[in-house]
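These notes concern the structure reproduced below.
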Amino acid sequence: MNQDIYVIVEHLRGQVAEISYVMLAGARELAKGSGGSVVAVLLGHNAQGLAGNPSAGSGQCLAADKVLSLEHPALAEFTSDAYQKALAGLIGKDQPRVVIFGSTSIGTDIASTLSVRLGLPLVSSCRTFSSDGKFVSQICGGKIMAEGVLPGPTALVTMVPGGYKAEQGQSTQSPAVTQVEVPALESLRVTLASYIEPEAGDVDIAKEPILVSVGRGIQNQDNIQLAEDLAQALGGVVCGTRPVIDQDWLATSRLVGKSGKHVKPKIYLALGISGAPEHAEAITDSGAIIAINTDPAAPIFNIAKYGAEMDIFDLIEVLTAQVKAAKGG
Amino acid sequence: MNIIILAKLVPDLVEELTIDPSGVALDMAWLRLIINEFDDHAIEQGILLKERGGGQVTVIAPDVEGVDDLLFTAAAKGADRLIKIAGDFAGGVNNHALARAFAAVVKELQPDLVLTGVQANNDLDGSVGPLLAGCLEMPYVGYVSGITLNDGKSKARKEYPGGLIAEMEVALPAVIGIQAAEQPPRYIAVSKVRQMMKTSAIEERAASELDPSGGAAISRMFQAEAGQRATMVTGNADEVAAKLVGIFKELGVL
Amino acid sequence: MPERIDYWGIPTTWGSPALYVYFFMALACILLAVRFYQRARLWWRVGRQEVRWDRLHVRLGRVIKYAIVQEKVLSQKYPGIMHLGLAWGFFMFFLGTALATINSHFIKILQGNTYLIYKFVLDTFTVFFLIGAAMAAYRRFIQRPRRLTLKPGFVWSLVLVVVIVLGGLLTESLRLAVERPEWAIWSPAGWLVAQAWIATGASDATLTNWHLGIWIFHLLTVGLMLATLPVGTLLHILTGPLNVFFSKLDRPTGRLAPIPETAKHEPIYASTLNGLTWKQLLDGDACTECGRCQDACPAFTAGTPLSPKQVILSIRDALRQDGSTLVGGNGQSSILVGKRIKDEILWSCTTCGACVRECPVLIEHVDAIVDMRRYLVIEGRMDAELQGALENLGRYGNSFGQSERMRARWTQPIQPPIKDARREPVEYLWFVGDYASYSPTLTDITIKTAEVFRKTGLDIGILYDAERNAGNDVRRVGEEGLFEMLAEKNAAALSKCTYQVIVTTDPHTYNTLKNEYPANGDERRPVLHYAELLDQLITAGKLKFSKKLGYKVTYHDPCYLGRYNGVYDAPRRIIQATGCELVEMPRHGDRSFCCGAGGGRIWMTEGEIQERPSESRIREAVKLDDVTTFVVACPKDVTMFRDAVKTTGNEQRLEVKDLIELVHAAL
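Here you go:
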C-alpha cells in the first residue's frame, strides 16, 4: 500500500493520447496532498519510448515522477482483457492511493471491471481534483456537478478532459522507467483482429482554420446546404456532431467529438449545437468558439467566446449574404 | 443465440434539473425518466442481430417509472422476453448496485451475449456494462458500433477517436457496451406498443438487497456554474450578422 | 302528320329489322353487362367492406348534381362546356332512343308537335355534341394541357362517339333528303346536311341505299361502343355516377375514418389492395384521368413524386393486373405500398384536399393516402425527421421536443395573467396549439391574440401545461395510436374544465377538435376558430375598431379553415371591418393553394423539390398590384410564408401578417 497516484497512460499506435497528460496534471494535484509520487503506468510492447524523449525537443515527456513499464506482446495493442488482467495484478499488489483511467474507449473498458474484480471503489467522469483528495465530476451532459472525497485506501477514477490543459501534464524531463513483471496473459478472450482506418475524406477538419459546425439543430439533410454556403463564403469547411453523422448527413470524416476529431481552428462556428461534453472536449482548443442556439441554457455558451441566442435558420442566410458582401463578392 | 439487453432509465435533460433538499442528489419530483439513449441503441442492435441470425432477445430493466413503456416498446420491436427487477430504486441507485442486481438475473439466464449502452448521462461510478462484466467475469468491450456473430464467436467494431475503428474478436459469452447501433433505433407506432401491453407479459424479479458498495460518496451536487460565459450578441438577424462579421474581421478570418 | 317512322328505308326482305336490332343490341348489352360485372366484382371481392348504401335520397341528389348537371366539371369553363356538350348530347340521344322504343311498341307519343319538338331537341343536342367534340379535339391535339393523359385510347373513344353521332345525323339527313317533309325545318341540322345530299343529285334509291349502309354502320358502331365500354375510357360513363352515388356521406370532410379491424379486433392496414375498401377500388375505375387533381396539387406543383391522379391510377392498374388472381384466392396479395406506390409519394402529400375538391367524380384521394400512410407508420418507414417529431409528440406532446412545462412560457409577460381553465370556469377555452405556444417567432402573434381577447372583454382561459398537440396532423401522418393518446389526454383535461366554447388559434387544431374529438358529454360544445369568434363579436357590435388601417391586402384561405370547414366569409368580414381593401388571390376560397406544411410535411425532410408551394403562392401574390400585405389565419402559414417571402426576395414588396395582427392594430 502506498500513497502514490497511478496514471494508466493511454496510447494508440505509437502516439500518447492527450488525455494521458490531462490525467497526469490531475494526478499531480492529488499527489500534493497524498504525499506520494505521480506514477505513469505504461503497458505495451516495446513502448518504453513513449515515456518521452527530451532530445526530441517538443517537451512532451510524461510529467510523472516515475514510469512503471509493463511489457508483453499481448499488450502491444490495447485489448480490454489483457490490460485488465495485467493491471489487476499490479494494482492488487501495489495498492496505490488512486488509480486514474481516462474516461475513454480505452479507460472505460477496464476501470469498472477492475473495480468489481478488486473490490475497489470507482468514481467516474472526474474533471478536477484537489490536493485534499476531493474530486469534482460532471454528469447530465455537463449540467450537473458532483463533488466528494475520494474514498480510501485505494480509489479508482476515470477522468474526462477539460479540467486541465495537456501542457500541465507534460515535462521536458523524461522520467525514470522501471520494468514490472507482467503476469502470464493466456487464454485472452478479447483479441485485436485489425484496425480500420477512417475514410480519408476530402478534407481533414483538424487542419482547417475555419469550421462551420452543425448539430441536431440543423434538423435535416437539406439544411446542411445552408451551412455549406456559409462555410464557402467564409472560406471554411463544414463539420458536425455525432447526431448529424449518425444520420449520414455528413461523412464520418467530418465528425467532431470524442469519437471523432479534435479540432483547433481559428474560429469554430457552432450552429444549433448544445455543447454536450463529448463534443465540447474536442473543440476547447479552438481560437474562438461562436455559438448560435435558441436555448440560453445550452452548455456551449459556457465554452464559447461569443454567442447569440437565436434560431440558426433566421441567421444563416443573412450572415452568408453579409459575409459575401464584406468580402466584396 | 441467447441475447440479453440491459436498459436503464435516466433523467431527461430536456427538463430543468434541480438538486433536492439533501444537496447530494437530483430532485426526482420534476424529473422525467427516459430510456438511456445508448441502451435504446443496444436494444436496436440486439434486435438486428436476432433478425439476421435468429435467437432470443430478453430485455431487462429496473422497475422505475416508465419501465413498462420501455419494455413493451422493446417487445414491439421484437424482444421475446421482458423482465423488470423490482427493488428500492426510489432514491436512485448507483451502477454498482444495479449491476449486481442485473448480474443475479443474467447469471440465471445464461446468455451468449449481453448488450447494454456504453454509458449513461447519470453515471458516477463507472457504467453498468463493464461492472456487470466484472461481476460475471465475462470479457467486456465498449464503444462498439457494430457486431457480427459467427458460431460462438463475435466480432465487435470498437470506436477510437478520429474515426479509427478496431475490430475486436470477443469470445462468448461476453458483455458489449454499445455506442451506436448499426442503424438508428426504429420507430414503433403507439398502437403497436399498446397492442403489446395486451399481448405481452413482463416478468418480475425481486432484487435481493441492493449493494451499492464500490460507488462514489457524494458530498455535494450542484448545477454547473456558467463559468466564463460567452459574450452575447443581440439584435435581429441583420444586426447579429453584422456584429458577427465584425468579430470575424477582428479575429482575422475576414 | 309528322310522326316517327320506325326503320325508315330499311328493307324487310331479310326479316324484320327490329329483330336484327334487338338481337344485336341484346348481344352488345350482354357483353357490356358481363364485362362490367367482371370489372365491378373485383371491387367488392378484393376490397374491404364498407357501408355506403344509406340515405339513398341524398345519394341520388348527388348523382343529379354531379353526374348529370356536372357541377364540378363546369368549374373550369372550357372543358366544362366541352364535356357538357358531349355528355348531355349522349344523355339526350339515349333518352331519344328510349322514347323511340316506347313509341314503337307501347304508346305512339312521337307524333304531331311532340314529334317536332323531339326532333328539334335532338338536333340541337347533336350540334352541341359536335361543338363539344370539336372542342375536345382541339383540346387533345392542339392545347394538349399537361394534366391530361394523351394516350391513343382516349382518341379512339372520341372518334368512336363522333362517328356514332355523325351516323345518326347522316341517316337523318338522308331520310330528310328523300322524304323532304314540310316540317323538315324542325330538324335544322339534319335538314342542312340534307341539302348537301340533294345537291349531289343522287336518286332517291341511291340515297336510300346510302341510308341503309350508314344505318347498319351506325348500329355496328353503337354495338361496338357498348361492348367496349367497360374496357375502354368510356367506362367512366358508368363508374362516374356510381362513384358519385357511393360518395362519402357518413362523416364531414374533416374527419378521417378510424383504422378498420377484423372480426378478431386486429387492425387492417392498406398495404395491399385487400386493405382498401371496395369504394376505394371503385375510385380507381371511376377516374377519368382528367388530371384536375394533379393541377391543383401543391406537392405535384413543387416537383415531388406525388401526383394524386397517378396514385388513383396505380390502384386501378393494380386491380386490373392482380385483381382476378386475388379473387381466385391465390394467396399472395399484391403489395401496393412500396412497389406501385412508393413511400416517398405517400409522404409528399400535404392533405390539403385540393384534389378532392377538384375531382368531378368525387374520388377521395386523401383518405386513400392516409390509409396507406398508416401502414408505413406501423412498419416504421419514415424519414428520421418525422420519426423525431413523432417521438417528441409522444413524449412531450409537442413536435418541438420541449418540455410540456414550457408550453405556457409565452404567457409570462402578460398581465393580468390569463385565467387557468383547469382551475376556474371560463366562458371561452382557448386551445392555443403547438406552433403558437412554442415557436419563438410566433410568440409575438400569440401575445397579440391574448391582448385582443382581453381588450374585447372576453372571459378566456387556457389549459396551460395540460394542453397537448391536438393531433390533427398526427392523424394525417397515419399515427392513429398517437393521435388517440393525444386526444385522450386533451379530452381528459377538457373534461375537468368548465367552459362554453372552445376557441382555437390554429385551423388544424380547429378541424380535429371540431370534427374528430368525441363529443363532450351530451352536448357538443361549439369549437370556433378565432376568426369566427371575432366575426361574431363584430356582428354583435361587441368588437369595435378605432382605426381604419387602409392597407391593400390579399387573403390566403387556410386549407383546414376554408376547404375543409367552409369558413371563408368570417375572415373577409374581419378584413373589411379593419378598414383594409381586399384583393382576392387568383386561387382563393376553396381553390386556395396550400402552403405545403400540412399532413405532417412541416415535420419531414423537404426532399428534392423544384419550387416550394409557399414560394409559388407568394409569387402569385406579388402579381397583385399594390398589395402590400399577405394575410393569413394559421400559425404554420405565417411560418411558411414569411420564409417564402425571404427566399423569393420579396421582403420589400410583401409583408406576411396574421389576421389577428390586423385586428390588434385596428383596435
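Chains as they are written, first to last, in the numbering used here: chain A, 1 to 329; chain B, 1 to 254; chain C, 1 to 667. For glycine and all other residues, C-beta sits at the position ideal for the given N, C-alpha and C. Bear in mind that the values here come from a model prediction, so they are computed numbers and not experimental data.
Out of C:LEU654, C:GLY96 and C:GLU179, the CA that lies nearest to the CA of VAL553 of chain C is found in C:LEU654. For the pair ALA100 of chain C and LEU19 of chain C, the Cα-to-Cα distance works out to about 15 angstroms. Rounded to whole angstroms, THR221 of chain C and TRP215 of chain C show a C-alpha spacing of 10 angstroms. Residue pairing by DSSP leaves HIS218 of chain C without any beta bridge partner. By the Cβ neighbour-count rule, GLU225 of chain B is exposed, with fewer than 16 other Cβ atoms within 10 Å of its own.
Against chain B, a Cβ distance below 8 angstroms from TYR195 of chain A picks out LEU164, ILE165, ALA166 and GLU167. Here the alpha carbon of GLY213 of chain C sits roughly 13 angstroms from the alpha carbon of TYR7 of chain C. By DSSP's assignment, TRP430 of chain C forms a beta bridge with C:ILE462 and C:VAL503.
Counting C-beta pairs closer than 8 angstroms gives fewer than three between the region 246-254 of chain A and the region 275-289 of chain A, which falls short of the contact rule. With respect to chain A, the C-beta atom of GLU385 of chain C has a partner C-beta closer than 7 angstroms. Chain-ordered, the chain A residues with CB closer than 8 angstroms to the CB of PRO184 of chain B read ASP246 and GLN247.
Within the region 405-428 of chain C, contact with chain A at the beta-carbon level (separation under 7 angstroms) is assigned to no residue. When C-beta atoms of the region 628-647 of chain C are compared with those of the region 607-619 of chain C, three or more pairs fall below 8 angstroms, so the two segments count as touching. Residues of chain A with a Cβ closer than 7 angstroms to the Cβ of THR605 of chain C are, in chain order, ASN220, GLN221 and ASP222. For MET485 of chain C, the closest Cβ of chain B is nearer than 7 angstroms. Per DSSP, reduced to three states, the secondary structure at GLY252 of chain B is coil, with no helix or strand assignment. Looking at the backbone, the Cα of GLY96 of chain C and that of ILE185 of chain C are separated by about 18 angstroms. Contact with chain C is absent for SER208 of chain B, since none of that chain's Cβ atoms lies less than 7 angstroms from the residue's Cβ.
Taking a beta-carbon distance threshold of 7 angstroms, MET159 of chain A does not count as an interface residue toward chain B. Among the residues facing chain A, MET221 of chain B is included, as its CB has a counterpart in that chain under 7 angstroms away. Residues of the same chain with a CB within less than 7 angstroms of the CB of GLY589 of chain C, apart from the 5 flanking positions on each side, are ASP557, GLY562 and TYR568 in chain order.
Between the alpha carbons of ALA120 of chain B and ASN2 of chain B lies a gap of roughly 24 angstroms. Taking a beta-carbon distance threshold of 7 angstroms, LEU234 of chain C does not count as an interface residue toward chain B.
Listed along chain A, the residues sitting closer than 7 angstroms to PRO440 of chain C by beta-carbon distance are THR294 and ASP311. Within the same chain, LEU442, THR446, THR505 and PRO635 come within 6 angstroms of ALA436 of chain C by CB-CB distance, once the 5 residues on both sides are set aside. ILE60 of chain B and ILE83 of chain B do touch by the CB rule: their CB atoms are close to 5 angstroms apart, below 8 angstroms. Residues of chain C whose Cβ lies closer than 8 angstroms to the Cβ of TYR187 of chain B are, in chain order, VAL377, GLY380, MET382, GLN387, LEU390 and GLU391. The closest CA to that of TRP603 of chain C, considering only C:ASP434, C:MET225, C:ARG52 and C:ALA189, is found on C:ASP434.
Here the C-alpha atom of ASN274 of chain C lies approximately 13 angstroms from the C-alpha atom of ARG41 of chain C. Going by DSSP, ARG205 of chain B is part of the beta strand (DSSP E) stretching over 202-206.
The beta-carbon separation of CYS290 of chain C and ALA354 of chain C, rounded to 14 angstroms, does not stay under the 8 angstroms limit for a contact. In this structure, ILE4 of chain B keeps its C-beta atom at 7 angstroms or more from the C-beta atom of VAL67 of chain B. The continuous alpha helix (DSSP H) containing THR101 of chain C extends over residues 77-105. Put simply, the CB of GLU204 of chain B is far from chain A, with every gap to its CB atoms at 7 angstroms or more. Look at ASP285 of chain A here: in three-state DSSP terms it is coil, with no helix or strand label. Membership of ARG373 of chain C in the alpha helix (DSSP H) is indicated by the continuous run 365-378.
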